[in-house]
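full-length UniProt numbering applies: residue 1 is where the sequence shown begins, and numbers increase by one.
Worksheet: the structure to be examined is printed underneath.
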Amino acid sequence: MLSETVDPARPATAATGQEQEARARVAELEARFGDPYDQANPMGQHQLLAADEAGEISAAGEAVLDGLNLNADFVPRALGGRLDRLDTLVRVMRQVFRRDVTLGLGYGATTFMAAVNVWTTGDAEQQSRLAEVLLANRKAAVAYHELAHGNDFVRNEFAATPDGAGGFRLNGSKQVINNAGRADVLTLFSRTSDAPGSRSHSVLMVERELLDQARVEVLPRYSSVGVRGCHLAGLSFTDCPVPGSALVGELGQGVELALRSFQMTRSAVPGMAMGAADTALRTVVRFALGRQLYKRSVMDIPHARETLSAAFLDLLISDSLSLTATRAVHLLPEETSVYASAVKYLVPRMLNDAMHDLSIVLGARFYVREGEFGVFQKHVRDLPVLSLGHAGSAACQATIIPQLPRLARRAWFSGEPAPDTLFRPGDDLPELPFGRLTLASGRDGLSASLIAAVDQLPSGNPVELSVHGAALRFMDELRQLQEDALALSPQDRTALASPASFALADRYAVLLAAASVIGVWRQARGGEDPFLADPSWAAAALHRLGRRLGMRQPDLPDGCEERVREEVLRRFHDRRSYDLYDSPLAG
């Protein structure tokens, strides 16, 4: 079905039941988290910075999250939890990351990454038991990595050897596991066959208390530059027996299960972490308004104003791509392999680039680890962790590269556009389709939406013309990408591809971001948010993405940049979030 025509006079619609619930959940969290500048508040910056200096996750902060039963947001509704929409989970967890990346990862995201494997392929008993554990405020951890092999899962050596009686014997070590010593449930990516290839690994779900403790050792904790409070350690097993019921899915299904689970975690976690960049931007705006330099405020300096606006645009771009990827899991599950990898590749890069630019405005205060601006330095150290873990930047590009020729041949310029609801954050979504996620796709509705938009975008004023012109340039870029992808040699379609292939994956991710921005703006026209309905932000965001690709493009129309600057200040003074939702914040 083709995308429906957008009526510029479309009235603001009342929030759906799902959207009302999402807003209420976010508001509840923010109310309980309280004023971030209150030194006595356990979820305030003073207390969280103190925990970071001590190298520990905030016990008081975890108690607050326990009281909110945050784990219920990781458990599907059918199992007694609150998880029904991936984009809502991102919004909820963004509030936690806004305060502390360590809490976001150490309390929440790690448990979610472990649980997705079980929700995707686990049997009813495994799912019920994991739900019971999580709803009791206990934790799960996932063990993919072995340092010797990085993201090359099929070379992992940690073994779960069939014992001949239906069970397994665990031998070997896993390193750099978040909550290795604190998790009650472990999902272990394990070699179950000595045969080469992807069918040699499986996933096991084991409960720590049921293991022979004499045969399991928690290895010494790692020290880290970022997320210093996260308990990163390893696990070593010596001939440790586990029952056959620990097997998640089928024997030899481990690589497939991991790649399907990644489609959810890669789509979601970068959007969660945007909360930290939001706080960083807010911190620098606070500094710029209060700091006098050359007899005027830093905010009066053109370079500083431009940097703050650019960071805001990067957040809007990142959230647009995050929104479409998380909603695509529900609406276009057969296409999400490339979208998820694009989000996990591009969003952390954009956020880290924005943080670097903001640090220049902050100047010497950037190095201060305490006080009013200390949280900025912490977020600068914490955010790069998102580019590592089980899905680093190169691993995400390596997922995209083999699919580019197929998409160029079957999808681009011939596929059906994504439904309009993909770009409407307030629209209801169907249940999470765990069983429909696929490892590769020959369709790309998001890029098709970019092509369709070229003929549908309005052009009644200079700013709308700017958006339309940008869409044409991105369409031309997609056509060039199509030619380049079809010309790739067989060697350049693998993980051992040349740098030129990795550059194609980068260009493709930026094009998906541009398509997301255009889609979000088109659907916001005539809606309840006057800023998102204004073409100024979309024109400025597309201009910024064009610069990222090295495009030659005209200057922005008069008024675009000023409109974005005004919104940066409005949201700061009104205590509203720097994302697509413009949510009220405490403090």
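For each residue, glycine too, the CB sits at the ideal point set by N, CA and C.
Using three-state DSSP, classify A540 as helix, strand or coil.
-> Your numbering for residue 540 matches position 540 in the sequence shown. A540: helix per DSSP, three-state reduction.
Pairwise C-alpha distance: G166 and residue 588 = The requested residue 588 is not part of the displayed model; the chain covers only 1 to 587.
Which residues in the same chain have their Cβ closer than 7 Å to the Cβ of N71, if we skip the five residues on either side of it in sequence?
-> Here residue 71 refers to the residue found at position 71 of the sequence shown. Correct list, in chain order: T111, L134, L135, N137.
With DSSP run on the structure shown, which of helix, strand or coil describes N352?
-> Indexing the sequence shown from 1 puts residue 352 at position 352. Helix.
Would you kindly check if the distance between the Cβ of V116 and the Cβ of T265 is under 8 Å?
-> For the purposes of this step, residue 265 is identified with residue 265 of the sequence shown, where counting begins at 1. For the purposes of this step, residue 116 is identified with residue 116 of the sequence shown, where counting begins at 1. A contact, by the Cβ cut-off of 8 Å.
Give me the Cα-Cα distance between T13 and L316, rounded to the nearest whole angstrom.
-> Working through the sequence shown from its first residue, we reach residue 13 at position 13. Working through the sequence shown from its first residue, we reach residue 316 at position 316. Reliability of the predicted coordinates at T13 is poor, the pLDDT of 46 falling under 50, and the value obtained from them is presented with this limitation in mind. Whole-angstrom Cα-Cα distance: 22 Å.
Which of helix, strand or coil does DSSP assign to S3?
-> Residue 3 sits at position 3 when you count from the first residue of the sequence shown. With a pLDDT of 31 at S3, under the threshold of 50, the modelled position of that residue is not reliable, and no figure is offered here.
May I have the straight-line CA-CA distance separating A109 from V269, to the nearest angstrom?
-> Here residue 109 corresponds to residue number 109 of the sequence shown, with the count starting at 1. Here residue 269 corresponds to residue number 269 of the sequence shown, with the count starting at 1. If you take the alpha carbons of A109 and V269, they lie about 7 Å apart.
Kindly indicate the opening and closing residues of the alpha helix (DSSP H) around P405.
-> Your numbering for residue 405 matches position 405 in the sequence shown. Its alpha helix (DSSP H) spans residues 404 to 410.
Please determine, among S223, H201, D558, T238, the residue with the shortest C-alpha to C-alpha distance to I177.
-> Numbered from its first residue, the sequence shown carries residue 177 at position 177. Nearest C-alpha to I177: S223.
Distance between R544 and A9 (C-alpha atoms, nearest Å) | By 1-based counting over the sequence shown, the position of residue 9 is 9. By 1-based counting over the sequence shown, the position of residue 544 is 544. Low local confidence applies: a pLDDT of 36 at A9 is under 50, so the model's placement there is unreliable, and no value is given.
Grab the span of the alpha helix (DSSP H) containing A471 for me, first residue to last.
-> In the sequence shown, the residue the question calls residue 471 occupies position 471. Start and end: 462 to 486.
Secondary structure at L83, three-state DSSP: helix, strand or coil?
-> Numbered from its first residue, the sequence shown carries residue 83 at position 83. Looking at L83 - three-state DSSP - the assignment turns out to be strand.
Any idea which residues DSSP pairs A233 with across the strands?
-> Walking along the sequence shown from the start, residue 233 turns up at place 233. According to DSSP, A233 bridges with I177.
Using DSSP bridges, identify the partner residues of L188.
-> If you number the sequence shown from 1, residue 188 lands on position 188. The partner list for L188 (beta bridge, DSSP) reads A143, L204.
Please classify E209: is it buried, with 16 or more other beta-carbons within 10 angstroms of its beta-carbon, or exposed?
-> Along the sequence shown, one-based indexing puts residue 209 at 209. Label assigned to E209: exposed.
Residue from R365, L511, N461 whose Cα sits closest to the Cα of D558 | Along the sequence shown, one-based indexing puts residue 558 at 558. Ranking the options by Cα distance to D558, first place goes to N461.
When we look at the beta-carbon of F168 and count the other beta-carbons within 10 Å, is it buried (16 or more) or exposed?
-> Within the sequence shown, the letter at position 168 stands for residue 168. So F168 counts as buried.
Could you pull out every residue in the same chain whose Cβ sits closer than 6 Å to the Cβ of D382, ignoring the five residues on either side in sequence?
-> As a position in the sequence shown, residue 382 is number 382, starting the count at 1. If we look at D382 and ignore the five residues flanking it on each side, its Cβ neighbours are V101, G226, V227.
Quick one: give me the first and last residue of the beta strand (DSSP E) that E335 is part of.
-> Position 335 of the sequence shown holds residue 335. Looking at the DSSP string, E335 is not in any beta strand (DSSP E), and its letter there is neither H nor E.
P535 - DSSP class collapsed to helix/strand/coil | Within the sequence shown, residue 535 is the residue found at index 535, counting from 1. DSSP places P535 in helix when its eight states are reduced to three.
Would you mind working out which of L511, D87, Q523 sits nearest M475, comparing C-alpha positions?
-> The residue given as residue 475 occupies position 475 in the sequence shown. Checking every option, the nearest Cα to that of M475 belongs to L511.
Starting from A246, trace the beta strand (DSSP E) both ways and give me its first and last residue.
-> The residue labelled residue 246 in the question sits at position 246 within the sequence shown. It is not in any beta strand (DSSP E) - A246 carries neither H nor E in the DSSP assignment.
If we ignore side chains and look at the alpha-carbon of each, how far apart do G435 and T120 end up?
-> The residue labelled residue 435 in the question sits at position 435 within the sequence shown. The residue labelled residue 120 in the question sits at position 120 within the sequence shown. For G435 and T120, the distance between alpha carbons rounds to 6 Å.
Straight-line gap, Y294 to D300 (C-alpha atoms, nearest Å) | As a working note, residue 294 is residue 294 in the sequence shown. As a working note, residue 300 is residue 300 in the sequence shown. Rounded to whole angstroms, Y294 to D300 spans 10 Å at the Cα level.
Check whether the Cβ atoms of G254 and H201 sit closer than 8 Å, and answer yes or no.
-> By one-based count along the sequence shown, residue 254 stands at place 254. By one-based count along the sequence shown, residue 201 stands at place 201. Against a cut-off of 8 Å, the Cβ pair of H201 and G254 comes out as a contact.
Specify the secondary structure class of S297 as computed by DSSP and reduced to three states.
-> Here residue 297 is taken as the residue at index 297 of the sequence shown, counted from 1. It is a strand residue.
With a cut-off of 8 Å on the beta carbons, I'd call A276 and R85 a contact; round off their distance for me.
-> Position 276 of the sequence shown, counted from the first residue, corresponds to residue 276. Position 85 of the sequence shown, counted from the first residue, corresponds to residue 85. That belief does not hold up - the Cβ atoms of A276 and R85 are roughly 22 Å apart, past 8 Å.
So what does DSSP say about A277, is it helix, strand or coil?
-> The residue you call residue 277 lines up with position 277 of the sequence shown. Helix, per DSSP.
Could you check the C-alpha separation between D582 and R576 for me, to the nearest Å?
-> On the sequence shown, position 582 is the one that residue 582 refers to. On the sequence shown, position 576 is the one that residue 576 refers to. Rounded to the nearest angstrom, the two C-alpha atoms are 5 Å apart.
Could you work out which residue in R443, D353, L362 is closest to R291 when comparing CA atoms only?
-> Counting from one through the sequence shown, the residue named residue 291 turns up at place 291. For R291, the nearest C-alpha among the options comes from L362.
Out of curiosity, what's the CA-to-CA distance linking L446 and A354?
-> Against the sequence shown, residue 446 aligns to sequence position 446. Against the sequence shown, residue 354 aligns to sequence position 354. Taking the straight line joining both Cα atoms gives about 25 Å.
For T16, three-class secondary structure by DSSP | If you number the sequence shown from 1, residue 16 lands on position 16. If DSSP states are grouped into helix, strand and coil, T16 belongs with coil.
So does the region 506 to 524 actually touch the region 554 to 570, counting three or more Cβ pairs closer than 8 Å?
-> no
contact_flag[the region 57 to 66, the region 123 to 134] where n(CB pairs < 8 Å) is 3 or more = no
Tell me whether A340 sits in a helix, a strand or coil according to DSSP, three-state version.
-> One-based indexing of the sequence shown puts residue 340 at position 340. Here A340 sits in helix by DSSP.
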